[in-house]
Structures are given as C-alpha cells and as structure tokens.
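Per my numbering, the first sequence runs over residues 135 to 604. Where is the CB? At the ideal position from N, CA and C, for every residue including glycine. Just so it is clear, the structure is predicted and the values come from calculations on it, not from any experiment. Here the structure comes first, spelled out in structure tokens, and everything after it is commentary.
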Amino acid sequence: MRLYNTLTRSEENFAPGPDNTVRMYTCGLTVYARGHIGNFRTFICVDVLRRTLKYLLGYRVKQVMNFTDVDDRTIIGAKKAGMDLRTYTERHIADFRDDARALGLEEVEESPRATDEANLHAMADLVRLLEKNGHTYVSDGSIYFKISTMPRYGRLAHLDHEGMKPGARVDADTYAKEDARDFVLWKASKPDEPAWDLVDPPGRPGWHLECSAMALRLLGEPPIDIHAGGVDLIFPHHENEIAQSECATGKPFSRFWVHVEYLIVDEQKMSKSLGNTYTIPDVVIRGYRPSAVRYLLLSAHYRKQLNFTWASLGQAEEALRRLTDFLVRLGTVAREGASGDIAARVGQARRDFADAMQDDLNTAAALGVVFELVRSLRSAIDAGQLGTGDVPGIRQAFDEFDRVLGVFSLRLAEDDQPPVPVEEIERLIEDRQGARRRREFAAADRIRDDLAARGVLLEDGTGGTRWKRK
RNA sequence: GGCGCCGUCGCCAAGAGGUAAGGCAGAGGUCUGCAAAACCUCCACCCCCGGUUCAAAUCCGGGCGGCGCCUCCA
Numbered sequence: 135m136r137l138y139n140t141l142t143r144s145e146e147n148f149a150p151g152p153d154n155t156v157r158m159y160t161c162g163l164t165v166y167a168r169g170h171i172g173n174f175r176t177f178i179c180v181d182v183l184r185r186t187l188k189y190l191l192g193y194r195v196k197q198v199m200n201f202t203d204v205d206d207r208t209i210i211g212a213k214k215a216g217m218d219l220r221t222y223t224e225r226h227i228a229d230f231r232d233d234a235r236a237l238g239l240e241e242v243e244e245s246p247r248a249t250d251e252a253n254l255h256a257m258a259d260l261v262r263l264l265e266k267n268g269h270t271y272v273s274d275g276s277i278y279f280k281i282s283t284m285p286r287y288g289r290l291a292h293l294d295h296e297g298m299k300p301g302a303r304v305d306a307d308t309y310a311k312e313d314a315r316d317f318v319l320w321k322a323s324k325p326d327e328p329a330w331d332l333v334d335p336p337g338r339p340g341w342h343l344e345c346s347a348m349a350l351r352l353l354g355e356p357p358i359d360i361h362a363g364g365v366d367l368i369f370p371h372h373e374n375e376i377a378q379s380e381c382a383t384g385k386p387f388s389r390f391w392v393h394v395e396y397l398i399v400d401e402q403k404m405s406k407s408l409g410n411t412y413t414i415p416d417v418v419i420r421g422y423r424p425s426a427v428r429y430l431l432l433s434a435h436y437r438k439q440l441n442f443t444w445a446s447l448g449q450a451e452e453a454l455r456r457l458t459d460f461l462v463r464l465g466t467v468a469r470e471g472a473s474g475d476i477a478a479r480v481g482q483a484r485r486d487f488a489d490a491m492q493d494d495l496n497t498a499a500a501l502g503v504v505f506e507l508v509r510s511l512r513s514a515i516d517a518g519q520l521g522t523g524d525v526p527g528i529r530q531a532f533d534e535f536d537r538v539l540g541v542f543s544l545r546l547a548e549d550d551q552p553p554v555p556v557e558e559i560e561r562l563i564e565d566r567q568g569a570r571r572r573r574e575f576a577a578a579d580r581i582r583d584d585l586a587a588r589g590v591l592l593e594d595g596t597g598g599t600r601w602k603r604k
C-alpha cells in the first residue's frame, strides 16, 4: 500500500519484512484524565491502519500501544486524589478501555504501562547504553541526553535551531541543561515523588524514554515497521525517541513514521484551558452515539485537520443510519434468483474500496464507494432486479468493508440495545396494527408518536412494521 | 524569525493536468390512511490575480484568508 512517511515527507510503498508481520508502535494515552475525542482520532485512524494491514492486505500485525502512567500530570493527579500512582492511573486506564470498546477499537497485542517492572528495567538498560556510548551527562541529579553528540538530530521534525525565535517557549528548567535542546532521560524525583533506583542517580523516567524502551523490548530488533501518533508528537517526542533509540542501538529506529492530524473544535485547537475537550460520555449525554463519532473521524483524511462541530456529528449520525438501514433491508429481500450484473457491481466496489484504502488510507473516498454501491443496490431492489441469490455476495462485501472501517457492526450493536424493552415495542406494534385495521388512525399515530418520543421509530413496509432505534 | 498544512455547493468531504465522487440539509415527484424509509429528478466553472499548457480545481509565481509546530500536548 501507499503510506505517507513523515521521515521522508512523501508517500512510499509499505510492506512488512520477510515474516509478513507488521511491527507497529503507537504512542498511547497519558492516563491522568479521560481521553477526549481528539486523542481518539489518532487511535481510530491507527486502528483503521491496523485493520487495513490485517484484513485487506493479509499481513500479521503486532502492535504495541502504551499507557504513560508516570509523568508530572499523573503524579500531581494522584497526589490530589490522595491515591498511589498505580491505583490512580488504573482508573483512567479502565475508562480508556470502556471508550475504546465503545468506539470499536480492536485490542492491540500489547498495551504496556511505563511503570511495569520489565519496562522500567528496559529503560534503565537503555540509559546505561547511552551512558556507555557517551550521549549523556548528569546535572542537578537528572540524566540528560546530549544533543550535540548526535549529528543527525532533527531529521524527523526538520527543525532548524538556528532559526528558532528567541521568544519561542523554552523549557523552564533550561538552566540545568548544558544546551536548551537537550532533554531529560531520567529525572530527579522530588522527595514526595515516586523514584526508582535502577540507575544512578535514582529518579523517574523521562517521557521519551519509555516509548523507546517499550518499543525495543516488545517489538524486537530495530528498525520496527511503523511508529504512529498524533502530529503534536513529531517534536519533541518522536525526535527524541529516535535520538535515544538510534544512539543506543546504532540502528534506525522505525522505517515509517505515521502522524494523524489534529482534531480541532469550532476552529480552535482542543485544550483543557479553552474548555472544548469532549469525551465519549460527553457525546453520549448529548444524545449522540460512539459509532457516529467513529464515522465522523473517518469521514476526512487522517492527514487533514478535522473541525469537530455538533452539527457535523449530527450529519455523521444520519449518514451512518442510511448505511445500516440498508444492511437491515437486505434481510427482507424475498425475490429469488441472482444477477451477474449485481455481482459485477459489488466486485467493482470491492476493488475501488481496496484501492482507496491502500492509497494512504483514503477513508473518505472509501466511504464514497460504499455509498454509491448502496444507492445502486437499493435502486435494484426497488426495481425488482436483486434476488436472494445476490445477498450472500453483498453481505460478504459489506463484511469486508466493515472489518476495515469497523463502524457498521458497531452501529448495529448499538441498535440492538433500544431504550424501550423489545417485548414492549413488539406489543405496542401489535396494538397499533389493531388500531390501523380498525382505521382508528389517531390512536395508531399516538402509539407511534409516543414511541418516537422514547427513542424508537416505527416504519410501515410491505412486510409489516419494523422498529429501529432513533 | 524558522518549518509545515489548508482554502472545492448552505454544511461535511473526495479528486491532484483531460473537463467536478459521496454524505447531510433543501426543492419537486413516486409509494403511504398519514408518516417514515426508499427510489427518481433537480441543486458547483473549485478564495483572488497572473503564468505554463491543446487542456488547470489540479502545475508555477504573487496576493488574501484560516490553522499547526518551534521543548505540556493525540
């Protein structure tokens, strides 16, 4: 497939190594708060990349997505909550897992935490290797990486430090560093902060260190195939990961760097200070479904900023409803027979879909292909040109689309949980049918309106009345 | 100051030299007890100005506008 590589700033052909396994690392959530939909944009896009590699291209995938469970924010949060760090972050990890499930994220092979014993040891080993190779120095009890020992530093971010504006933000503890560009590998802990004495002097891991250590420990010999995350991680995080990993191992760290653009809200960057971060529970409280969030996030290309508005989420909700209505309708096809013409249309759509996905994950175009196929097939149903013999092939195609997009089955699963008990809905449909037979339309309409007010819609078709979740 | 992205219908969004996919919303029609759903029909010379070309939304130059990064960030 064609995949954009931030390292070369161009699309390249992607294929895994000879064992046909894609080894992929994704920078996950810092678990000091519930993840917001901006975080999940990245995770959903990476999930779709993973699914494309697995299901469309037939590669095996070994993906690691970490939890950053030790940093300033988690330490402060735990202190405020009066909990120990591990217990505090545990809670946010559980929330993340709930949200991930609601959004249809596939479980990844490994989801390590930075403070897992094995990972701390891997980090300590990495620091020792860097010390041995002469890339470090100690200042004020912290161990720093010395940028000047790595001539190739800055290759990913294309940053020219000569041109840095003097007014640009600079780390508060610059004074402790020999050079403002240096970054901390192992941070001196304050007295009431967690510390590990795995390296000398004791302290806690710097943010960048954990990802290098976990990627190398869990994915094996570098280079790994893909390293992914949000665009905001290009610098400094990924640049620093490269520095640590390559100076420690002497080998390239990752062949591909994949970065997902920002989700912005009402034309502004999402941030806690602007109060415009939304979580999955926020979305549900407003009456929208997680499946619509997933759909919306896939409706634009992952390398373009996506402006989130409640209006666009509503549009996503409607679009997705149309698609899944079709899948339900397929089950009502009664005419016998099959048509070669239908099979040809389905086959063409499958090829177009696969082409779009392999073109640097063009989900927007892929969704366009699906919609065109749906309209064409529905038209055929209305015209009496589609028979039961066509249905399995159509279902197979939509299963294939959905294995990659992961959004139809998510929506259908939500539909299976109506806000009114199914037995009650069915009883009310019976009552309404009786009223209709007696031509008591006012009574019939009242039943329909009441159910609609409770979130259940009724539709009268030739095969009887069907209900669906609003 | 440096690096980079973007501007396509009321809204969302593909397309990246060959004459504008798709979705939402809207208008008219078919179907329906009425609806809903669905189908049919309609709904864009692509921010502006130059240039290259037989041909430009697509390439080049210059504007205008929006956004991101330059050590908290998905």
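- When the Cα atoms are used, V180 and F174 turn out to be separated by approximately 10 Å.
- Relative to S273, the option among R479, A322, P246, A234 whose CA is nearest is A322.
- Secondary structure of D594 (DSSP, three-state): strand.
- When E560, D359, R572 are compared, the shortest CA-CA separation from L585 is found for E560.
- Secondary structure at G169: coil, using DSSP grouped into helix, strand and coil.
- Shortest Cα-Cα distance from R588 to any of L408, R247, G421, L397 involves G421.
- Sequence-distant partners of A499 (beyond 5 residues in either direction) whose C-beta falls short of 7 Å from its own C-beta, in its chain, are A490.
- Membership of D493 in any alpha helix (DSSP H) is not indicated, and neither H nor E is assigned to it by DSSP.
- Three or more Cβ pairs drawn from the region 341 to 348 and the region 357 to 375 lie within less than 8 Å of each other, which places the two stretches in contact.
- Beta-carbon to beta-carbon, W391 and T140 are separated by about 4 Å, close enough to satisfy the 8 Å threshold.
- Taking a C-beta distance under 8 Å as the contact criterion, R184 and E145 do not qualify as a contact pair.
- Measuring C-alpha to C-alpha distances from K602 to each of D203, G568, P555, Y436 identifies P555 as the nearest.
- Short of 8 Å from the beta carbon of G211, and not among the five residues preceding or following it, lie these beta carbons of its own chain, in chain order: Y166, A167, Y222.
- Note on geometry: alpha-carbon atoms of I227 and A236 lie some 14 Å from one another.
- Taking a contact as a CB-CB distance under 8 Å, the pair V318 and Y278 counts as one, their CB atoms being some 6 Å apart.
- Rounded to whole angstroms, S473 and G523 show a C-alpha spacing of 8 Å.
- Look at E534 here: in three-state DSSP terms it is helix.
- Nearest to A248 by alpha-carbon distance, out of F201, Q378, E375, is F201.
- DSSP places A569 in the uninterrupted alpha helix (DSSP H) bounded by 556 to 571.
- Less than 8 Å separates the beta-carbon of L464 from that of I528.
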